[in-house]
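These notes concern the structure reproduced below.
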Amino acid sequence: MSKVQSIRRGLACLTVGALCIAAGANARADEQSDRIKALEQRLERSLQLIDKLSSRVAELERAARAAPVAAQAASGAQPAQAAVVEDHAKSIAALQQSVDQIADGLSKNANDTGIPVHGFIDVGAGWSSRQDPVPLRGFNAGSLDLYLTPQIGARVKSLVELVVEFDEDGESSIDMERVQIGYTLSDELTLWAGRFHTPFGLWNTSYHHGANLQPSISRPVFIDFEDRGGLISAHSVGVWANGKTALGDGKLTYDAFLANGPSVRGRELELNPFTDDNHGKMLGLNLGYRPAGVLSGLSVGLHGFSSSVGRYNDDGSLRGTTKLRALGGYFGYDGRDWETIGEFYRFSNSSDSGSVLSNAGFLHVGRTFGAFTPYARYERASLNPRDDYFRSLRNGRSYTHLVAGARYAIDANSSLKLELRHSRETAAAQIDAAGAEIDVPEASFQRALFQYSIAF
Amino acid sequence: MKLGVRALVVLSWLACAPLARAGEVVAHPSVLLKISDIRDVYLGEKQLSGDIRLVPVDNSATQEVFLAAVLQTNARNYAARWRRKAFRDGISPPPVKGSDAEVMSFVRSTPGAIGYIAGTAGAGVIVLDKF
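Below you can see the structure in the form of structure tokens.
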């Protein structure tokens, strides 16, 4: 058995173990749920009894007031009636105490639920035309995304996200997408360390994994995941400070991060999760503003980052290093049934062959009509054919993508999406994994995608 | 004359309307908050009161009214917003209690707790606002 197979088998065992533990936890949760249900029924019965007794006491008090003469005539009966009223009052007090205890018990039970695991599941299908570099001919098993957010004490919090999915070759993989521990200094500033979603623009941190959260089936190509041909690092390993503070009527939001810079290997971005391959760390900043009032729902901002990116051949030898520099802006609007995100990036990358400019961006617009949300997205990248960084990446050539689709919300936690995409990619002289120059012809293709996703 | 009576009725209703409150926002005595902070607490934007972590709880019996009156949203949008918030910022949405009694019991016994009830608050909690 090869080392890779052993690791894969080990991961599979771990997953099965985790699922067994989760199943055990579910059984415990079921028992607690039954107990809570029983307590709720007891509470309901007690409340009904209190109502009845209260009515009865009121009735008796009315009767006592309305018949003073009769009471005088039969003076012996009044003390007896008073005694009955007193008994009822005592019963009500005892019941009230019982209700308080039951409510207290319910409250404690509801708190004792451990750390909730949330997540997303999606399944789908896709078909594409002949020139698609990733030919699609049928159904796919999608992905399972699990995340949990343990909080320890008043200021320490954490986030762990695990994704199980199938790649283009049909191989399943388990990726620790995020593992980050944070310390809340104040409501204005939280410090994080670990592996996190690189905080550029809006899309990457708002949706990321989690198909049910995402407004469309596909992500904008430029900011797609590293292993799916993304052109900038969607994840980072390092430290990250983020927060917000009041500014005028709105809020100023800020993110600053320092992380291992990515490298290019096998025509894909590697985010160097274990250690960096050079001393050129990735440094980035994202500054945004969210106004209040009539403009509530709007976000605007500027972002930028820089890093030294080593480009490696298959044999591990360093082919060259690119100084990656990006600056750009973004805006988003989420309100009044509209969803809009626009992001723009301008690159000024330099390597041995000189300094070159490139740019990329996208605009996504959706409008909700009841349960339906039709949407459209335009993506465009104009990448300099002399930029060694982009030339070394599988999708590093200029393109335009037109995406149109519709989302149907079955309920708050599940949705169906249908999406059509037309893509055009320019011809380019790219560099393969061995470091040789290859001519990639122009391509034009269409895709039709379908997805059913849930959140839990 | 009829018009005058109708106008009087409408004016009386308008004058009384602000006084017709649906419930109260209650908190553990350890909580120090401004009324304007309540919205931020329930949207996960404010997490601390001094050194104490704030622990908001929802009340399923009164949630609809509270969300409409205080957060100007509905249950669906509120849940969607929290899903995004939890996924991005690593914080958990408020746990949901089933009745005023449960909320009162939780808030009374939990430092940093905030809740809302349809009735009138009893002893052991402070009233932050009425809605």
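Line by line, the protein sequences give chains X and H. The number in the numbering used here is simply the position in the first sequence, starting from 1, with 122 added. The number in the numbering used here is simply the position in the second sequence, starting from 1, with 1173 added. We put the CB at the ideal spot given by N, CA and C, even for glycine.
If residue i sits next to residue j, beta carbons under 8 angstroms apart, how far is it from one beta carbon to the other, in whole angstroms?
i          : j          : result
PHE567(X)  : SER338(X)  : Not a contact, Cβ separation roughly 18 angstroms.
ALA356(X)  : GLY264(X)  : The Cβ separation is near 18 angstroms, so there is no contact.
LEU1206(H) : THR306(X)  : That pair is no contact at about 17 angstroms.
ALA534(X)  : ALA1253(H) : 7 angstroms
TYR452(X)  : GLY464(X)  : 6 angstroms
PHE322(X)  : ASN408(X)  : 6 angstroms
SER536(X)  : ILE576(X)  : 4 angstroms
ALA1195(H) : PHE1304(H) : 6 angstroms
GLY351(X)  : ASN506(X)  : With a Cβ gap of about 18 angstroms, GLY351(X) and ASN506(X) do not count as contacting.
GLY415(X)  : ASP371(X)  : 6 angstroms
ARG1212(H) : LEU1240(H) : About 11 angstroms separates the two Cβ atoms, so there is no contact after all.
LEU540(X)  : PHE572(X)  : 6 angstroms
ALA276(X)  : ASP1224(H) : 6 angstroms
SER430(X)  : GLY476(X)  : Not confirmed; about 16 angstroms, so no contact.
GLY450(X)  : GLY426(X)  : 7 angstroms
Would you call the CB atoms of residue i and residue j closer than 8 angstroms?
i          : j          : result
GLY432(X)  : ALA555(X)  : no
GLY1271(H) : VAL1228(H) : no
GLY241(X)  : ASP209(X)  : no
ARG447(X)  : ASN481(X)  : no
ASP309(X)  : LYS1258(H) : no
VAL1214(H) : ILE1264(H) : no
ARG412(X)  : LEU420(X)  : yes
GLU564(X)  : ALA551(X)  : no
ARG543(X)  : THR522(X)  : no
MET404(X)  : SER340(X)  : no
VAL1298(H) : VAL1230(H) : no
TYR574(X)  : GLY246(X)  : yes
GLY360(X)  : ASN382(X)  : yes
ASP1302(H) : VAL1238(H) : no
THR444(X)  : ASP510(X)  : yes
ASN1232(H) : ILE1290(H) : yes
PHE344(X)  : LEU335(X)  : no
Check the Cβ of residue i against every Cβ in chain H and list those closer than 8 angstroms, keeping chain order.
i         : result
SER280(X) : GLY1263
PRO238(X) : SER1265
Listing by chain order, which chain X residues have their CB less than 9 angstroms from the CB of residue i?
i          : result
PHE1239(H) : Per Cβ cutoff of 9 angstroms: no residues; PHE1239(H) is ~18 angstroms from chain X at best.
LYS1219(H) : ASP309
Smallest Cα separation from residue i: which of the options?
i          : options                                           : result
PHE494(X)  : SER340(X), GLU461(X) and GLU547(X)                : GLU461(X)
SER504(X)  : PRO496(X), VAL478(X) and ALA526(X)                : VAL478(X)
PRO1268(H) : LEU1216(H), SER1209(H), VAL1243(H) and SER1203(H) : LEU1216(H)
ASP346(X)  : THR320(X), VAL282(X), GLY246(X) and ALA570(X)     : THR320(X)
PHE1260(H) : PRO272(X), GLY451(X), ALA558(X) and ASN435(X)     : PRO272(X)
LEU284(X)  : SER295(X), GLY275(X), GLY352(X) and GLU290(X)     : SER295(X)
LEU311(X)  : GLN302(X), TYR376(X), SER358(X) and TYR434(X)     : TYR376(X)
ARG513(X)  : TRP314(X), ALA276(X) and LEU391(X)                : LEU391(X)
ASP315(X)  : ALA363(X), ARG277(X) and ASP398(X)                : It is Ala, not Asp, that sits at residue 315(X) in the sequence shown. When only C-alpha atoms are compared, the closest one is ALA363(X).
ASP456(X)  : GLY492(X), LEU417(X) and GLY402(X)                : LEU417(X)
ALA526(X)  : ALA570(X), LEU270(X) and LEU335(X)                : ALA570(X)
TYR500(X)  : ASP509(X), VAL282(X), PRO507(X) and VAL487(X)     : VAL487(X)
GLY483(X)  : TRP325(X), TYR467(X) and THR490(X)                : TYR467(X)
PRO342(X)  : TRP325(X), HIS331(X) and ASP349(X)                : TRP325(X)
ASP289(X)  : PRO384(X), GLY365(X), VAL256(X) and MET298(X)     : VAL256(X)
ALA1274(H) : SER1209(H), THR1293(H) and PRO1266(H)             : THR1293(H)
LEU270(X)  : LEU538(X), ILE303(X), PHE572(X) and PRO384(X)     : ILE303(X)
ARG300(X)  : VAL286(X), ARG317(X) and GLU287(X)                : ARG317(X)
ASP349(X)  : GLN336(X), GLN253(X), TRP249(X) and LEU393(X)     : LEU393(X)
LEU281(X)  : ALA1296(H), ILE1290(H) and ASP1262(H)             : ASP1262(H)
PRO1266(H) : ALA531(X), ALA205(X) and VAL239(X)                : VAL239(X)
GLY236(X)  : GLU287(X), GLN203(X), GLY454(X) and ILE274(X)     : ILE274(X)
VAL562(X)  : LEU515(X), VAL278(X) and ILE214(X)                : LEU515(X)
SER328(X)  : TRP1255(H), THR1283(H) and PRO1202(H)             : TRP1255(H)
LYS174(X)  : SER213(X), ARG529(X), GLY426(X) and ASN400(X)     : SER213(X)
Note down, in chain order, every chain X residue with its Cβ under 8 angstroms from the Cβ of residue i.
i          : result
ASP1224(H) : ALA276
Starting from residue i, find everything on chain X with Cβ-Cβ shorter than 7 angstroms and list it in chain order.
i          : result
ARG1257(H) : SER328 and LEU335
ALA1252(H) : ALA534
ARG1212(H) : Those within 7 angstroms of ARG1212(H) in chain X number zero; the least Cβ separation is about 11 angstroms.
What residues of chain H sit near residue i, judged by a beta carbon separation below 9 angstroms?
i         : result
GLN273(X) : ARG1226, GLY1263, ILE1264 and SER1265
TYR269(X) : ALA1259, PHE1260 and GLY1263
ALA414(X) : Simply none; closest approach about 11 angstroms.
ALA558(X) : In chain order: nothing, as chain H lies at least about 42 angstroms away.
ALA315(X) : Here the premise fails: no neighbours, minimum Cβ distance about 12 angstroms.
What residues from chain H crowd round residue i, counting only those whose CB sits closer than 7 angstroms?
i         : result
THR306(X) : GLN1220 and LEU1221
GLY332(X) : PHE1260
ALA577(X) : ARG1256
Examine the ligand GTP and report whether any of its heavy atoms sits within less than 7 angstroms of the Cβ of residue i.
i         : result
GLY264(X) : Annotation note on the ligand GTP: not contained in the displayed structure, which lists no ligands.
Write down every uninterrupted run of the alpha helix (DSSP H) in the region 1181–1255 of chain H whose length is 4 residues or greater and which is fully enclosed by it, in chain order.
Runs found: 1210–1215 and 1236–1239.
Within the region 415–450 of chain X, note down every full alpha helix (DSSP H) run reaching 4 residues or more, in order along the chain.
Along the length of the region 415–450 of chain X, whole alpha helix (DSSP H) runs at least 4 residues long do not occur.
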